[in-house]
Each structure stands twice: as C-alpha cells, then as structure tokens.
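Each residue of the sequence shown is one higher than the last, beginning at 1 in full-length UniProt numbering.
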Amino acid sequence: MIFEFLSAGLDVLLSPLALGLTFIGIVVGLIVGAMPGLGPLMGIILLLPVAIGLPPVAAMGFLIGIFVGGSCGGAVSAILLRIPGTPLAAATLFDGYPMAQKGRASDAIGIAITSSAIGGLIGGVVLVFCAPLLARFASNFAPPEYAMLAIMGLFAIVVISGGSVVKGLLAGSFGLLIATVGTDSFSTGLRFTFGSNNLLNGFHIVAVVVGLFAISEMAAQMLGRDLLKTPNVKVARPGLRTVAMTLKHSVNLLRSSAIGTFFGAIPGAGGVISSFTSYAVAKAAAKPDEKYGEGAEGGVVATEAANNATVGGTLVPTLSLGIPGDASSAMLLGALLILGFIPGPAMFENNPDVVGGIFMVYLVSNVFLLIAGILATPLFVYVLRVPKVYLIPSILLLCSIGTFALQSSVFDLQIMLTFGFIGILFRAADYPLAPVVIGMILGPILEANLRRALLISRDGYWIFVDRPVSATLVVINALLLVAMVYLTFKRLSGLKQGELQKAMSVEE
Numbered sequence: 001m002i003f004e005f006l007s008a009g010l011d012v013l014l015s016p017l018a019l020g021l022t023f024i025g026i027v028v029g030l031i032v033g034a035m036p037g038l039g040p041l042m043g044i045i046l047l048l049p050v051a052i053g054l055p056p057v058a059a060m061g062f063l064i065g066i067f068v069g070g071s072c073g074g075a076v077s078a079i080l081l082r083i084p085g086t087p088l089a090a091a092t093l094f095d096g097y098p099m100a101q102k103g104r105a106s107d108a109i110g111i112a113i114t115s116s117a118i119g120g121l122i123g124g125v126v127l128v129f130c131a132p133l134l135a136r137f138a139s140n141f142a143p144p145e146y147a148m149l150a151i152m153g154l155f156a157i158v159v160i161s162g163g164s165v166v167k168g169l170l171a172g173s174f175g176l177l178i179a180t181v182g183t184d185s186f187s188t189g190l191r192f193t194f195g196s197n198n199l200l201n202g203f204h205i206v207a208v209v210v211g212l213f214a215i216s217e218m219a220a221q222m223l224g225r226d227l228l229k230t231p232n233v234k235v236a237r238p239g240l241r242t243v244a245m246t247l248k249h250s251v252n253l254l255r256s257s258a259i260g261t262f263f264g265a266i267p268g269a270g271g272v273i274s275s276f277t278s279y280a281v282a283k284a285a286a287k288p289d290e291k292y293g294e295g296a297e298g299g300v301v302a303t304e305a306a307n308n309a310t311v312g313g314t315l316v317p318t319l320s321l322g323i324p325g326d327a328s329s330a331m332l333l334g335a336l337l338i339l340g341f342i343p344g345p346a347m348f349e350n351n352p353d354v355v356g357g358i359f360m361v362y363l364v365s366n367v368f369l370l371i372a373g374i375l376a377t378p379l380f381v382y383v384l385r386v387p388k389v390y391l392i393p394s395i396l397l398l399c400s401i402g403t404f405a406l407q408s409s410v411f412d413l414q415i416m417l418t419f420g421f422i423g424i425l426f427r428a429a430d431y432p433l434a435p436v437v438i439g440m441i442l443g444p445i446l447e448a449n450l451r452r453a454l455l456i457s458r459d460g461y462w463i464f465v466d467r468p469v470s471a472t473l474v475v476i477n478a479l480l481l482v483a484m485v486y487l488t489f490k491r492l493s494g495l496k497q498g499e500l501q502k503a504m505s506v507e508e
C-alpha cells in the first residue's frame, strides 16, 4: 500500500511545475525563516493566496517547501546575529553563535542545514510509513470518534503550547465562534451574518489568518526600536565539507531526529519543545571535552535535526486524521480544504495520487534544502541586511494583494484589517494566536460530527462511550482537561508565591 502511494505520487511529482515550485518554496522558506519576526508560518500565510490557484501537488509542494525551509532558516540569523529568526532556532543559539565567534560561522550554518535536511528525511520516512497505517485505522471512525478527535486537537494545543491555559482556551473558543459564522450546513439557517450577504459563507480563513498573524506582527515590528537599523552581517559560505562534519555525529543525529518526529506527531508540541529536549538529551549524553554551550558541533546538530524532523511528524496527524499539529500545519490543512480535499482516511482512499504526491514533495524538499541551503546562504545574508523600514511596507503590500486576490473582494481586505486589530489586542493581552486558527479549522469538524453523532444516537451522549475508540478518546480528553486544571492552579499558586516573596522583600 505504501509503495502504491509513492508510485502514484512520483508520477505527479515529476512534472516541472511541482519540482520547480518545491525548490522555490525552499528558497522562500529559508529567506523568511532567516528574517527575525517572520518564519515559516508567516511565509505560508503570505503566499497561500498564490498557492490555492495551482494544481494540488504543486501547491502543496510550494507550501511544504516554505514550511521545511523556514524551519531551518532561523538558524542563519541565530548563528550570525545571535537573534533566532524563528522560535525554533532559539536553542541553536547556545552553540551556533559561539561557533561564529570563533570564526566558524560557515561551518555552523552548513552543519545546521545538513542536520535539518537529514532530520527532515528521517521524519519523512516516518510520515510515509505511519500516516497510511494511521489512516487505515481511522477509516473505521464514525462521527463520535471524529468529534472527540477535534476536541482532543484543541485541548492538546492549549495544554502543550505553554502560557496561560485559560487564555489558550479562550483563544480556541474564539476560533470556534468564528467558525460558526455563515450558513448552517444542517438547517440552512443564517448565523451571525447580521444581514450581510458577504458573510453567508463565513470568514475566509486566509483573510483571518493574514490579519491575525501578519498584520499584527508588522504592527509589533513597527513599534520596535531597530526600525531604521541596518544589521551588520558578514557573508558566510558553507561548503560540502560540513556534510562530513555532520555525519560524524550520527548517533546524535538519529536520536534528535527521533525526538523531533515524536514531538511533531503530538498536536501542539512542535519544534520548540523538541529542539530544547533534543539539546538537553544531547548535552547529557556528551563527553565533557565537547563543551556544550561553548561552540559544540553536536549542539547545532541536535537542535536543527529535531526542528525539521518535527515537520514530518506534524504531517502524520494532519494528513491521516485531519488534526493539525501546530499553526503551520493548520495552514497546510486549510490549503487542502480550499483545494477541495478533506484530510483523513477518505483522502487516502480517494486521492492516493495527492497523498503520494505530498509524501514525495516532502522528501524531495529536504534534498532541495541541502542543495539550496549550502549554495544560497550568501543570498540570505544579504536579505538580513535589509532594514525593517523597507521590509515592513513590502510585506503589508503583499498581504493586501494576496488577500484581495482570493475573491477580488474589498470585504476580505476589511476582514484582514479587522482581525489585524484583533491580533494586536491579543498580543497586547498576551493571548496566544495559534489556538484561534486551530479552533477555526476544527470548529466545523467538531460541530458537524457532534450533530451527526447525536442524530444517529438513540441514547443521547452515551454514544460517545458506547464505542471503544470513542470511549478511549473521551478518557484522553478527560486527562487533558485535568492537565489544564492542574496547570492553571500551578500557575496561580506560582503567581501568588511570587507576589508573597515580593511583598516580603519590600518589607525587609
């Protein structure tokens, strides 16, 4: 079955359009990943309007290329500027920047790129073998299971993403509320349209996401102190010798890739947790003379291999269950929905060429990452020198053009600006944005399957515990709910203890 997917996908992949767009996606991803404040999510959001007008596999190759390249690109600025381009590269600072200070910036970047490519390939192998098996298992799912899966996806990203659990739940609930706007698919009644024909089909997800993330991020960047500053970045030229340097750390490479893939497959965990975990494990297993934190090659290998392996792991639940692992994979899921495909067992059964094509473009994108990363690093360095005062207007222009092009609608631009303002408020109040997107995507899945389950049930809500798989998911959701309550009380007790210590210090 697996080889059938790959052979079907290979036929689609070998088109010049799919290969070319995958390579372009890698280059774009490396650039946006290297630029502090952007990253793979922003790159996917900005170019999603372009992708949805392309053939399915070419579109997904383009977006997955941005995802893969962006997950690695943050290491460039982390190593050269001591500023991680993305949160994924935060742990790369520990040894990447000290390597650059010792005159080994080219080696550090080359090792980061090679580790990312190999880690991504290992994550891709897991994706190819595990996703079809999980989809086959999920083919027996009925509305009760899908409803519980949707709840689990929302709960998991709230619990694991960090910060206030209450704020995460409120943000996710806001996403669920947004998803209800428009025409009810069951009764054809209108909900929250307020007499506007523009809202009959609800909010376009691209307009919402561009506003929430891109517009609010650019507003935050404009308020920064370094708006006119031109970063002083030296040109680095990594060579193929860094491939041999990376392979010397084969055990670390395999272990970190496994950790990254594991955390990627858990909705909400993501690359930040996997990279720090991989670094901690590698440091604990290292010899004293390796001197982690002072420019150890193994530190860069551990964090970057985990980063990109996480991408492959994230795509497993996204494709096989329709449950996104993080905000970037949620955008990929949204792209598939816009293109007319519903991720899950049905897509594996009805569209094996698309599934196989996605498998193949992901594997090929990591090969392209190695080639483009090593050859084009000087280009990324020049891009890092562009002052934000020129960069921000260009990004805002791209956001506006892309959003308007969705439906040639000024209303979409108004939605983009409205949610941009909402995003600014969320950031100011320290509310996470990712649960909003997850809630908006999972909302229709949850509502439709919850209502279908209750329609076919003779015992009301007992249908969710009558079926073994559904009952298991109910237990998992209950455990996640307990975890949320525990984390909330732990956070509150920590705040109270901090206030008490502060009061005692003032009295002294």
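Just so you know, even glycine gets a beta-carbon here, dropped at the ideal spot from N, CA and C.
- Taking the Cα positions, PRO435 is about 8 angstroms away from ALA327.
- ARG241 counts as exposed, since fewer than 16 other C-beta atoms from the protein chains shown sit within 10 angstroms of its C-beta.
- In this structure, the straight-line span from the alpha carbon of ASN252 to that of LEU63 is close to 29 angstroms.
- Straight through space, the alpha carbons of ILE79 and ASP95 are spaced by roughly 8 angstroms.
- If the five residues before and after VAL301 are omitted, its C-beta is found closer than 8 angstroms to the C-beta atoms of ILE111, SER115, THR246, HIS249, ASN252, LEU253, SER256 and ALA282, all from its own chain and listed in chain order.
- If you check the CB distance, LEU369 and ILE26 come in under 9 angstroms.
- Per DSSP, ARG458 lies in no alpha helix (DSSP H) segment and is marked neither H nor E.
- Counting only residues of its own chain and dropping the five nearest sequence neighbours on each side, LEU134 has a CB closer than 6 angstroms to the CB of SER320.
- With fewer than 16 other CB atoms across the displayed protein chains lying within 10 angstroms of its CB, ASN350 is exposed.
- For the 9 angstroms CB-CB criterion, GLU145 and ARG467 form a contact.
- 9 angstroms or more divides the Cβ of PRO143 from the Cβ of ILE358.
- Fully contained in the stretch 83 to 154 are the following alpha helix (DSSP H) runs of length 4 or more, in chain order: 93 to 101 and 105 to 138.
- For PRO345, the enclosing alpha helix (DSSP H) covers residues 345 to 350.
- Using a Cβ distance threshold of 9 angstroms, ILE44 and ILE338 do not count as a contacting pair.
- Apart from the 5 residues on each side of it in sequence, MET360 sits with its Cβ closer than 7 angstroms to the Cβ of LEU6, GLY9, LEU10 and LEU13 in its chain, given in chain order.
- Taken through DSSP and simplified to helix, strand or coil, LEU190 comes out as strand.
- Exclusion of the five residues before and after VAL68 leaves ILE26, GLY29, GLY120, ASN308, VAL311, SER365, ASN366 and LEU369 as the residues of its chain whose Cβ lies within less than 7 angstroms of its Cβ.
- By the beta-carbon neighbour count (other beta carbons within 10 angstroms, threshold 16), ALA296 is buried.
- Measuring C-alpha to C-alpha distances from ALA18 to each of GLY65, VAL32 and MET35 identifies GLY65 as the nearest.
- Straight-line spacing of the CA atoms in TYR97 and ARG82 works out to 6 angstroms.
- Linking ILE151 to LEU442 through their CA atoms gives a straight-line distance of about 8 angstroms.
- Distances from the CA of MET331 to each of PRO16, PRO49 and ALA171 were compared; the closest alpha carbon is that of PRO49.
- When the five nearest sequence neighbours on each side are left out, the beta carbons in the same chain lying within less than 6 angstroms of the beta carbon of ASN449 are those of PRO143, TYR146 and ALA147, in order along the chain.
- Taking the CA atoms as reference points, ALA346 sits about 42 angstroms from LEU391.
- For TYR292, no alpha helix (DSSP H) encloses it, and the DSSP letter there is neither H nor E.
- Taking PHE174 as the centre and dropping the five residues before and after it, the same chain places the C-beta of VAL436 closer than 6 angstroms to its C-beta, in chain order.
- Put simply, the backbone Cα of GLY264 is about 28 angstroms away from that of GLU290.
- In the structure shown, GLY53 falls within a coil segment according to DSSP collapsed to helix, strand and coil.
- Put simply, the backbone Cα of PHE155 is about 23 angstroms away from that of LEU425.
- Within a 10 Å sphere around the beta-carbon of GLY70 sit 16 or more other beta-carbons, which makes this residue buried.
- Spanning the alpha carbons of VAL128 and GLY153 requires a straight line of approximately 22 angstroms.
- Distance from the CA of SER275 to the CA of VAL410, rounded to the nearest whole angstrom, comes to 41 angstroms.
- Straight through space, the alpha carbons of ARG491 and ARG104 are spaced by roughly 42 angstroms.
- Of the other Cβ atoms in all chains shown, 16 or more fall within 10 Å of the Cβ of ASP412; this residue is therefore buried.
- Comparing alpha-carbon positions, the option among LEU397, VAL166 and ALA284 lying closest to MET484 turns out to be VAL166.
- Taking 9 angstroms as the cut-off, the beta carbon of ILE215 is found closer than this to the beta carbon of LEU417.
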